[in-house]
Amino acid sequence: MAMTDAASAPGVSPSDEAFARRLRRQDAIFVNLTWASATLVVVVLLGVLISLLIDALPAIRAFGLPFIWNERWSPAKEIFGAAAPIYGTLVTSAIAMVIGIPVSFGIAIFLTEICPQPLRRPIGTAIELLAGIPSIIYGLWGFFVLAPIMQTSVQPFLTDTLGQLPGIGILFSGAPYGIGLLTAGIVLAIMILPFITSVTRDVFNTVPVMLRESAYGMGMTTWEVVRHIIIPYTRLGLVGGIMLGLGRALGETMAVTFVIGNSHRIAASLLSPATTISASIANEFAEATEGLYTSSLVALGLILFFITFSVLAFAKWLLGRTEKF
Amino acid sequence: MSIATRRYTTNRVAIGLSVAAAAFGLFFLAAILWTLFWNGLSAMGPSIFLKMTPPPGSDGGLANAIFGSLVMTLLAVVIATPIGIMAGTYLSEYSGGSKIGEAAKFINDVLLSAPSIIVGLFIYAAFVVPFGHFSAWSGAIALAVIALPVINRTTQDMLALVPNALREASAALGSPRWKTMTMVIYRSARSGILTGVLLAIARVSGETAPLLFTALNNQYWSTDLNAPMSNLPVVIFQFAMSPYDDWQRLAWGGALIITVAILALNIIARSLAGRRSS
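Protein sequences, first through last, are from chains A and B. Numbers 1 to 325, taken from the working numbering, label the letters of the first sequence in order. Numbers 1001 to 1278, taken from the working numbering, label the letters of the second sequence in order.
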């Protein structure tokens, strides 16, 4: 290094050398501190994983792998199975994606291609701000506003129409409780809407103006530009954004806990009360005193962690590939 | 039907659907905000900021919950900010694209998107069980674990925007690395890093799940960091689920306070970020 050369060069006083040494020491301290901080983040994640594993161990020992597909959840008899919460987590997230993806794509297409220029920024900003609103607000709204509407109008209507169809009718049968899988899915859909919309809008805006303009110049209609130019160009980014939204929906606690009904039974109907992994933990963890009960809830947490981790890893892989464009 | 007519019809239908989707989505988002302000404003008044959370049926406010939320959020940010900035510095400046550095970045993103209730479970096992009681400290640490990856990630992104010429110019003047960072690079990325910290505060102040079994709740005014402490999100959760009208009204009031605070933080953060880029 230049500094070493200067220090050992003839005519350099010992005090200069000491000064250089001090600087190097300070440098080492600073770089090591930043290294330690970065390591701490890794340690925290390992800590999360290890503590979940340790606390879930009694449940894993007691129930083994069948824990995942056993539906029974009986704190009184100390028999626990994760099937109902896993089912609820997957179904509510699936409903959220089925509603959320087309609507967010619609908003993103509207914002990038159709909306009058002066309105684009305000609406886009409003949607980004909505993405920051805490999920408990969506839960409150679902509980006080959506659930009563679902109970008095939407669910009876669904039972009378779709519920009468052969096959899918069973999905919309049963008494209208207001709360349940469908309500939770709708609340989740509204919650992830701003998030997926802003990601989608951002990736839509990565399409080079040249490409877009030449497509319009060839006489393509707006829809054809979206369908044949923008979507193919941003394909990976779109799927990545959707996966990030899915990750949020899967792990969401507060928006769901209010409106899911906390019932550990798998019912065929989407209108029936159910539970998700995070809602079970939020509702029951404070009450769970028995070792095996607590441990089973932590085991649920561990399963949730693996589900969200795989979704995130897939999303990162896809988004990472778009950056190479 | 000619090809042109068909193309134009398809276009009109698709555009119509997309406008309808936009109207549908924006309608629901507006409906939520409207309900929030309508119900929240009816609970507003001086007493909500001055009185303690009441027992059912009597008059009260959210003073202890607001105080608890402020204390725990502040503690969380004080803990997470230096660590987050330092970690971001290492991953952006010194890990040099090595495999371990890339892995650490990925791990940070995993932590960033880990369900917050899992962070609550972790802090419960790591702090609440060993000390034998719920406490404001464990709540603050849970929030810090959530804020840390946010700050780490924004610091990485912001430092990556600082032009390399600045680092080289500083090195050419003979300044050591820590001086280059603190005197040159942090200064030019200051508003970006501050934006990250503000976003982390906004993220953390609405988090409910990690506080449910760390800070728990407290009906009274408490400044003891080793005891359970009241906080807005958990109070909102408990009061909203209760059958009492005045509790539910307070829950809406609390929800409005949190939302307005978070919107304000987000707007400040955005205007900071905007000024930097212009």
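In this text, a Cβ means the ideal position worked out from N, Cα and C, and glycines have one as well.
- A distance of 9 Å or more separates the beta carbons of B:Ser1138 and B:Ala1080.
- Considering only B:Trp1038, B:Arg1270, B:Tyr1090, B:Glu1168, the residue with the shortest C-alpha distance to B:Thr1195 is B:Arg1270.
- Per DSSP, the beta-bridge partners of A:Ile79 are A:Ser74.
- Burial check for B:Ser1042: the Cβ neighbour count within 10 Å stays below 16, so the residue is exposed.
- In terms of Cβ geometry, A:Ile186 and A:Ile266 do not form a close pair [threshold 9 Å].
- Taking C-beta separations shorter than 7 Å and ignoring five residues to either side along the sequence, the partners of B:Ala1065 in its chain run Thr1053, Ser1230, Asn1231, Leu1232, Val1235, Gly1254, following chain order.
- At the C-beta level, B:Tyr1094 and A:Val31 come within 9 Å of one another.
- Ranked by Cα distance from A:Gly301, the options B:Ser1116, B:Leu1036, B:Ala1087 are led by B:Ser1116.
- Secondary structure within the segment 1092-1175 of chain B: the alpha helix (DSSP H) runs of 4 or more consecutive residues, fully enclosed, are 1099-1112, 1116-1123, 1136-1161, 1164-1172 (chain order).
- Positions of the alpha helix (DSSP H) runs, each at least 4 residues long and wholly inside the segment 1187-1261 of chain B, are given as 1190-1205, 1209-1212, 1232-1241 in order along the chain.
- Contact annotation, A:Pro176 with A:Thr161: C-beta distance approximately 13 Å; criterion of less than 8 Å not satisfied.
- Residues of the same chain with a CB within less than 7 Å of the CB of B:Thr1259, apart from the 5 flanking positions on each side, are Leu1036 in chain order.
- By the CB criterion at 9 Å, B:Leu1121 and A:Val298 fall inside the cutoff.
- Closest in alpha carbon position to B:Ala1136, among B:Ile1003, B:Ala1172, B:Gly1068, B:Ala1022, is B:Gly1068.
- Relative to A:Ile231, the option among A:Met97, A:Gly106, A:Leu49 whose CA is nearest is A:Gly106.
- Excluding sequence positions up to five before and after A:Pro75, its CB lies within less than 6 Å of the CB of Tyr293, all in the same chain and listed in chain order.
- Residues of chain B with a Cβ closer than 7 Å to the Cβ of A:Val298 are, in chain order, Leu1121.
- Per DSSP, reduced to three states, the secondary structure at A:Ile179 is coil, with no helix or strand assignment.
- For chain A, the residues of the segment 1174-1197 of chain B that bring a beta carbon within less than 9 Å of one of its beta carbons are Gly1174, Ser1175, Pro1176, Arg1177, Trp1178, Lys1179, Met1181, Thr1182, in chain order.
- Shown here, A:Asp55 sits in a helix according to DSSP, grouped into three states.
- Counting along the chain, the unbroken alpha helix (DSSP H) around A:Phe258 starts and ends at 254-260.
- Taking a Cβ-Cβ threshold of 7 Å, the residues of chain A close to B:Val1110 are Leu45, Phe309, Leu312, in chain order.
- Chain-ordered, the chain B residues with CB closer than 8 Å to the CB of A:Tyr138 read Ile1032.
- In this structure, DSSP gives A:Ile133 a state outside helix and strand, which the three-state scheme calls coil.
- At a cut-off of 9 Å between beta-carbon atoms, B:Arg1167 makes no contact with chain A.
- Contact between B:Gly1206 and B:Ile1262 holds: CB atoms are separated by about 6 Å, below the 8 Å threshold.
- Here A:Phe195 is near A:Gly245, since their CB atoms are less than 9 Å apart.
- Rounded to the nearest angstrom, the gap between the Cα atoms of B:Val1145 and A:Ile50 is 16 Å.
- A:Ser263 carries a coil assignment under DSSP once its states are collapsed to helix, strand and coil.
- In this structure, A:Ala38 sits near B:Tyr1090, with a CB-CB distance shorter than 9 Å.
- Ranked by Cα distance from B:Thr1005, the options A:Leu171, A:Pro58, A:Pro102, A:Met220 are led by A:Met220.
- Cβ atoms of A:Arg212 and A:Gly124 stay farther apart than 8 Å, at about 18 Å.
- Taking B:Arg1153 as the centre and dropping the five residues before and after it, the same chain places the C-beta of Gly1088, Asn1108, Asp1109, Leu1112, Gly1196 closer than 8 Å to its C-beta, in chain order.
- Put simply, the segment 1209-1226 of chain B does not touch the segment 1177-1188 of chain B. Fewer than three CB pairs are less than 8 Å apart.
- Taken atom to atom, the span from the alpha-carbon of B:Ala1202 to that of A:Pro166 is near 48 Å.
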